[in-house]
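Residue numbers (the working numbering), protein chains in the order written: chain A, 3 to 285; chain B, 2 to 267; chain C, 185 to 451.
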Amino acid sequence: MSLAQSRALGADFVGAAPARSAKQWLRDNERKLVPLGALIVFLAGWQVASSARLINPLFFASPWAVVDAGYQDVKTALFWSDLRVSLTEFGIGYGFSLASGLVVGFAIGWFRRLRYVLRPIVDALNSIPGIALVPLVLIWFGLAFSSKIALIFLVAFPVVVVNMYTATTSINPQYLRVARSFDSSRWRLLRTVVFPAIAPFAFAAARVGVGRGVSGVVVGEYFAANSGLAYRLFQAGESHDTALVLFGALLITVLALGAFRLLNAVERRVLRWRQVQTSLAQE
Amino acid sequence: MSTAVEPPGSAVRRSRYRPTARLMYGVAGVLGLLGLWEGVSRAGLVQTVLISRPSDVAVTAYQELTSGPFWGNVESTLSVWIVGFLLASAIGIVIGLVSGVFRYVRYVTDPFLNATNVAPDLAFVPLLILWFGIGFRFRLVLVLFIGTFYVAINTLAGVKSTEGRWLRVAKSFGASRMRTFRTVLVPGSLPYIMTGLRQAASRCLIGAVASEFIAGNKGLGFMISLAGSFLQTSTVMFGILLLALLGIIVSEIVGRLERRFDSWRI
Amino acid sequence: MPSLVISDVTMIYERPRTHERFRAIDRVSMTIDESSFVTIIGPSGCGKSTLLAIVDGLIAPSAGTIEVEGRPITAPGPDRGMVFQEASLLPWYTTLENCAYGLESQGVPKKEAQQRVLPLIEMVGLKGFEHNYPAELSIGMQQRANVARALAVDPEILLMDEPFAALDAQTRELMQSELLRIWDQTRKTVLFITHQLDEAIYLSDRVLVMSGRPGRIIDDVPIPLERPRPLDIKRTPIFAELEQRLWDDLRREIEEEVAPAGAREQW
Chain A
3 MSLAQSRALG ADFVGAAPAR SAKQWLRDNE RKLVPLGALI VFLAGWQVAS SARLINPLFF
63 ASPWAVVDAG YQDVKTALFW SDLRVSLTEF GIGYGFSLAS GLVVGFAIGW FRRLRYVLRP
123 IVDALNSIPG IALVPLVLIW FGLAFSSKIA LIFLVAFPVV VVNMYTATTS INPQYLRVAR
183 SFDSSRWRLL RTVVFPAIAP FAFAAARVGV GRGVSGVVVG EYFAANSGLA YRLFQAGESH
243 DTALVLFGAL LITVLALGAF RLLNAVERRV LRWRQVQTSL AQE
Chain B
2 MSTAVEPPGS AVRRSRYRPT ARLMYGVAGV LGLLGLWEGV SRAGLVQTVL ISRPSDVAVT
62 AYQELTSGPF WGNVESTLSV WIVGFLLASA IGIVIGLVSG VFRYVRYVTD PFLNATNVAP
122 DLAFVPLLIL WFGIGFRFRL VLVLFIGTFY VAINTLAGVK STEGRWLRVA KSFGASRMRT
182 FRTVLVPGSL PYIMTGLRQA ASRCLIGAVA SEFIAGNKGL GFMISLAGSF LQTSTVMFGI
242 LLLALLGIIV SEIVGRLERR FDSWRI
Chain C
185 MPSLVISDVT MIYERPRTHE RFRAIDRVSM TIDESSFVTI IGPSGCGKST LLAIVDGLIA
245 PSAGTIEVEG RPITAPGPDR GMVFQEASLL PWYTTLENCA YGLESQGVPK KEAQQRVLPL
305 IEMVGLKGFE HNYPAELSIG MQQRANVARA LAVDPEILLM DEPFAALDAQ TRELMQSELL
365 RIWDQTRKTV LFITHQLDEA IYLSDRVLVM SGRPGRIIDD VPIPLERPRP LDIKRTPIFA
425 ELEQRLWDDL RREIEEEVAP AGAREQW
């Protein structure tokens, strides 16, 4: 067999994976197994310490108590209506922030004069801690549903805008030159070069926005609400129901993580070219 | 080699025209906004209870800045913030470095840090209140809670960044583990640590203020929330402006420090 | 005693997720004499850098042995010095500190290490830049410092992984000539890797051609040019002949990479 022929078959290919021993499998997956193991040990230890009354159950509800409290909670209808309320708040507030934030952020990055005027204002807005805006929002909207939307908007919108204009102003000028040299119209330039170039950053902005948005929901429901998941959480806190508080906090964290994962999955689908690029780089 | 962020060619064109134009537009924008605001308010289109006039805010600012209690509040917030930030930095750096060096520690802290990165800090507040009551301790713990994660995550990222080229150099010359740690790991992570410190500084300020909103009787956050409950909008706006200003200043200062180490990155 | 003996070295890689195994280097052997300058050329990805890393002791081969002055190699050591491809000077140290790094790693106290390194810095042409940071040096200068750092530990063998790849054409020519000047003063055994044919011929006593994946040695070309070699030796007929021979060897390999059998066209 000539060198050329054997190469066509992938002459450097030695063979498929040999049978993995159990020990090998453990080693391969240790990155996921170790934290899992540590978590199990931690939970077990906590449960034991709690049952043995080594820890005051008022302060640290045992894992089992948390699960139980959660289970009881989930069975109530109020839980689900609260969940719906929070999700709606988040959905509307975040959706609106993202949509307007992406557009405004891009505009600020793209149009020079607009940038000069708006950038200092947006930067300043971004530096305002969300919680400081609560009294203002309360004065404006009271306890109405719209107060939470406003709060989410006020915390998520600036962050998305800042991310977007940073991305837009740092597009590699080479890409722009390439498109211009092929005599593209302005719109074509935008569509084929600019938007794909900013797309990864748009997703990054979306991710940061989720964090802020969730924070906005929680803050809003603390101060200006009588329903919602975070509101339940704080109620539980007031009645010293540690187990329920822990459950609530974990639930909100899990939901936030879920939103992140969702975003990542969408990004992977939409930005498939990026995958290819990174895998080529590794070859 | 400069650490300028802008692409090379633009520097020449920018020199004379841009900075002054940029400044002019920016100032014009801010002044325009203020003028519009004032005008709309005076024309009676918006109630001052909703949004104070810039002039009212200025008057309130003067009143506050010359009053004793205000500065007491400032001191209270600043003390929680600074102590919390320093502690958080120290703990965060240690966690980050240890995770960087010891593989099994990293396997545990990495997913944990990523999860808490997403978790809304405020959701854990009731828990903290239950454990620490209300007072300085609670505020400090909240600030610590928030700051440590930012510092730890960035420090770990810094350690990871040294794991290609630099580590290979040290290994090639037969450097011991301790020496590698001292001469490659730590200096290499420094730019990232600085980023973490910058982020933590502003987040800790937010945390300090937030803790005062929730459970405090002192501090800037308390001042703002109190004014809010009495519908003293101009005080609220003054407070917000002050916080924004503080945030910007802190970002700038630490940001400068951070940029000094930029030439050490990758 | 030959300086370096590589026997039947094979390297098998495993893809992390699929666990499929690929051979990067296939039974490579060579014997390199003391004070000789040997270059390995080959298409991208053929395993040249991997081979060098194995010789340096950074990676363990799947099979085969390396012997330096008769001693088998298992880890990095003071008998081999590596000059890396990209800028690998530690950015937080000055030129002087960087060059002394290797010595210090071996336990030599800082002051003494820096003293020993000063003449080397001068030799590579960086006198006056001892206290500058890498960010202030051009790439050519950084590579000079790289060479000084490797020489400082007085290795028996100098390993150079495409050190001039990041340089522009003119600086590259200059650096080649500079390298020969420096080498002439120390006459270390050198194992050099490059893509450029003219660079390989100009610098070496011997050029080994490596095939594409899996990497094998397919030709061993002695370079009968006299030393010292001025740069315009590149424009002599005998130089062109040698280039032609190497190019013929490589062309087959490169064609396989660009258009594998089945989709081939005549060039």
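Glycine included, C-beta positions come from ideal geometry on N, C-alpha and C. Quick caveat: nothing in here was measured; it's all calculated off a predicted structure.
Review point. So, is A/N266 buried or exposed, given that buried needs 16 or more other C-beta atoms within 10 angstroms?
Key: Numbered from 1 along the first sequence, position 264 holds the residue referred to as residue 266 of chain A. Burial call: exposed.
Practice item. Look at the Cβ atom of C/R211, then the Cβ atom of C/G286, and state whether they are nearer than 7 Å. Key: By 1-based counting over the third sequence, the position of residue 211 of chain C is 27. By 1-based counting over the third sequence, the position of residue 286 of chain C is 102. Taking 7 Å as the cut-off, the Cβ atoms of C/R211 and C/G286 do not count as close.
Practice item. Decide if C/L415 is buried, meaning its Cβ has at least 16 other Cβ atoms within 10 Å, or exposed. Key: Locating residue 415 of chain C in the third sequence gives position 231, where the first residue counts as 1. Exposed, because fewer than 16 other Cβ atoms sit within 10 Å of the Cβ of C/L415.
Exercise for review: Identify each residue in the segment 258–271 of chain C for which the Cβ-Cβ distance to at least one residue of chain B is less than 9 Å, and report them in chain order.
Suggested key: The segment 258–271 of chain C vs chain B, Cβ under 9 Å: A259, P260, G261, P262, R264, G265, M266, F268, E270, A271.
Point to revise | Residue nearest to C/L426 in terms of C-alpha spacing, selected from C/A319, C/R411, C/D404 | key: Here residue 426 of chain C refers to the residue found at position 242 of the third sequence. Cα-wise, what sits closest to C/L426 is C/D404.
Check your understanding: Can you list the residues of chain C that B/A158 reaches, using a CB-CB cut of under 9 Å?
Key -> By 1-based counting over the second sequence, the position of residue 158 of chain B is 157. Neighbours of B/A158 in chain C, taken as residues at a C-beta separation under 9 Å, are lacking, since the least C-beta distance is about 17 Å.
**Study point:** Inter-residue spacing [alpha-carbon to alpha-carbon] between B/A202 and B/F125
**Key:** Within the second sequence, numbered from 1, the residue matching residue 202 of chain B stands at position 201. Within the second sequence, numbered from 1, the residue matching residue 125 of chain B stands at position 124. C-alpha separation (whole angstroms): 20 Å.
Check your understanding: In its own chain, which residues sit with a C-beta less than 8 Å from the C-beta of B/G229, not counting the 5 before and 5 after it?
Key -> Reading the second sequence from its first residue, position 228 is the one you call residue 229 of chain B. Excluding residues up to 5 positions away in sequence, V237 lie with their Cβ nearer than 8 Å to the Cβ of B/G229 in the same chain.
Review point. For C/R429, which residues from the same chain have a beta carbon less than 7 Å from its beta carbon, with the 5 sequence-adjacent residues on both sides left out?
Key: Position 245 of the third sequence holds residue 429 of chain C. Counting only Cβ-Cβ distances below 7 Å, and skipping sequence neighbours, we find V405.
Review point. To which residues of the same chain is A/F81 closer than 6 Å at the C-beta, ignoring the five residues directly before and after it?
Key: As a first step, residue 81 of chain A is located in the first sequence; it is residue number 79 there, counting from the start. The residues are D75.
Exercise for review: Could you list the residues in the segment 131–165 of chain A with a C-beta less than 8 Å from some C-beta on chain B, going in chain order?
Suggested key: P131, G132, I133, A134, L135, V136, P137, L138, L140, I141, W142
Check your understanding: Could you check where the beta strand (DSSP E) with C/P406 kicks off and where it finishes?
Key -> As a position in the third sequence, residue 406 of chain C is number 222, starting the count at 1. Counting along the chain, C/P406 sits inside the beta strand (DSSP E) bounded by residues 401–406.
Practice item. Would you verify that the beta carbon of B/S226 is, or is not, closer than 7 Å to some beta carbon of chain A? Key: Here residue 226 of chain B refers to the residue found at position 225 of the second sequence. Interface with chain A (7 Å Cβ-Cβ cutoff): B/S226 is included.
Review point. Which residues in the same chain as C/M344 place their Cβ atom closer than 6 Å to its Cβ, once the five residues preceding and following it in sequence are excluded?
Key: Your numbering for residue 344 of chain C matches position 160 in the third sequence. Excluding sequence neighbours, C/M344 sits near V267, F376.
Check your understanding: Are any of the Cβ atoms in chain B nearer than 7 Å to that of A/I254?
Key -> Along the first sequence, read from residue 1 onward, the residue named residue 254 of chain A stands at position 252. Yes - at least one Cβ of chain B is within 7 Å of the one on A/I254.
Exercise for review: Run down chain B in chain order and give the residues with a C-beta less than 8 Å from the C-beta of A/R115.
Suggested key: Here the question's residue 115 of chain A lines up with position 113 in the first sequence. In chain order: Y26.
Practice item. Kindly list the residues whose CB is nearer than 6 Å to the CB of B/G220, restricted to its own chain and excluding five residues on each side of it in sequence; keep chain order. Key: On the second sequence, residue 220 of chain B is found 219 positions in, with the first residue counted as 1. Closer than 6 Å at Cβ, skipping near neighbours: N74, S77, T78, E213.
Check your understanding: What do you reckon, are the CB atoms on C/A384 and C/I196 nearer than 7 Å?
Key -> One-based indexing of the third sequence puts residue 384 of chain C at position 200. One-based indexing of the third sequence puts residue 196 of chain C at position 12. No, the Cβ-Cβ distance between C/A384 and C/I196 is not below 7 Å.
**Study point:** Cβ-based burial, C/R411 [other Cβ within 10 Å; buried from 16]
**Key:** Locating residue 411 of chain C in the third sequence gives position 227, where the first residue counts as 1. It is exposed - the Cβ of C/R411 has fewer than 16 other Cβ atoms within 10 Å.
Check your understanding: Roughly how many whole angstroms lie between the Cα atoms of A/A152 and A/G103?
Key -> On the first sequence, position 150 is the one that residue 152 of chain A refers to. On the first sequence, position 101 is the one that residue 103 of chain A refers to. Going by the C-alpha atoms only, they are around 14 Å apart.
Exercise for review: Quick one: measure Cβ to Cβ for C/I243 and C/T249, integer angstroms, because I've assumed they're closer than 8 Å.
Suggested key: To locate residue 243 of chain C, count along the third sequence from 1; it is residue 59. To locate residue 249 of chain C, count along the third sequence from 1; it is residue 65. Actually they do not touch by this definition, with Cβ atoms about 14 Å apart.
Review point. Beta-carbon separation of C/P260 and B/G189 under 7 Å?
Key: The count along the third sequence starts at 1 and reaches residue 260 of chain C at position 76. The count along the second sequence starts at 1 and reaches residue 189 of chain B at position 188. Annotated as distal: C/P260 and B/G189, with beta-carbon spacing of 7 Å or more.
Review point. Residue range of the alpha helix (DSSP H) that A/F44 falls in?
Key: The residue given as residue 44 of chain A occupies position 42 in the first sequence. Segment 32–53, the alpha helix (DSSP H) holding A/F44.
Point to revise | Top-ranked residue by Cα proximity to A/P198, from A/L89, A/G132, A/L273 | key: As a first step, residue 198 of chain A must be located in the first sequence, where it is residue number 196. The shortest Cα separation from A/P198 among A/L89, A/G132, A/L273 belongs to A/L273.
Review point. Is there at least one Cβ from chain B nearer than 7 Å to A/R86's Cβ?
Key: For this step, residue 86 of chain A is matched to residue 84 along the first sequence. Taking Cβ atoms only, chain B never reaches closer than 7 Å to A/R86, which makes this a no.
Review point. What's the call for A/R9, buried or exposed, on a 16-neighbour Cβ count within 10 Å?
Key: If you number the first sequence from 1, residue 9 of chain A lands on position 7. With a pLDDT of 44 at A/R9, under the threshold of 50, the modelled position of this residue cannot be trusted; read the value that follows with caution. Answer is buried; the Cβ neighbour count reaches 16.
Check your understanding: Alpha carbon to alpha carbon, how far is B/A59 from B/W72?
Key -> Stepping through the second sequence from its first residue, residue 59 of chain B is reached at position 58. Stepping through the second sequence from its first residue, residue 72 of chain B is reached at position 71. Their Cα atoms are separated by approximately 17 Å.
Check your understanding: Hey, is A/Q74's beta-carbon within less than 7 Å of any beta-carbon in chain B?
Key -> Position 72 of the first sequence, counted from the start, is the residue given in the question as residue 74 of chain A. No, no contact with chain B.
Review point. Is the segment 29–47 of chain A touching the segment 95–112 of chain B, taking contact as three or more C-beta pairs under 8 Å?
Key: yes
Check your understanding: Which whole-angstrom value is the C-beta distance of C/V222 and C/L392, which I expect to be below 8 Å?
Key -> Translated into positions along the third sequence, residue 222 of chain C becomes position 38. Translated into positions along the third sequence, residue 392 of chain C becomes position 208. Contact between C/V222 and C/L392 holds: their C-beta atoms lie close to 7 Å from each other, under 8 Å.
Review point. Would B/E259 be called buried (16 or more neighbouring beta carbons within 10 Å of its own) or exposed?
Key: As a first step, residue 259 of chain B must be located in the second sequence, where it is residue number 258. With 16 or more Cβ atoms within 10 Å of its Cβ, B/E259 is classed as buried.
Exercise for review: With 8 Å as the limit, tell me which residues of the segment 209–241 of chain B have their beta carbon closer than that to any beta carbon of chain A; keep them in chain order.
Suggested key: Result list: V210, A211, F214, I215, G222, I225, S226, A228, G229, S230, L232, T234, V237, M238, G240, I241.
Review point. Which one or two residues does DSSP pair with C/T194 in a beta bridge?
Key: Indexing the third sequence from 1 puts residue 194 of chain C at position 10. As DSSP reads the structure, C/T194 sits in a beta bridge with C/A247.
Check your understanding: Name the chain C residues that come within less than 8 Å of B/S264, Cβ to Cβ?
Key -> For the purposes of this step, residue 264 of chain B is taken as the residue at position 263 of the second sequence. In chain order: P275, Y317, A319.
Practice item. List the residues of chain B whose Cβ lies closer than 8 Å to the Cβ of C/L242, in chain order. Key: Mapped onto the third sequence, residue 242 of chain C falls at position 58. Here the neighbours are R169, K172, S173.
Practice item. Return the first residue and the last residue of the beta strand (DSSP E) that C/S213 is part of. Key: As a position in the third sequence, residue 213 of chain C is number 29, starting the count at 1. Start and end: 205–216.
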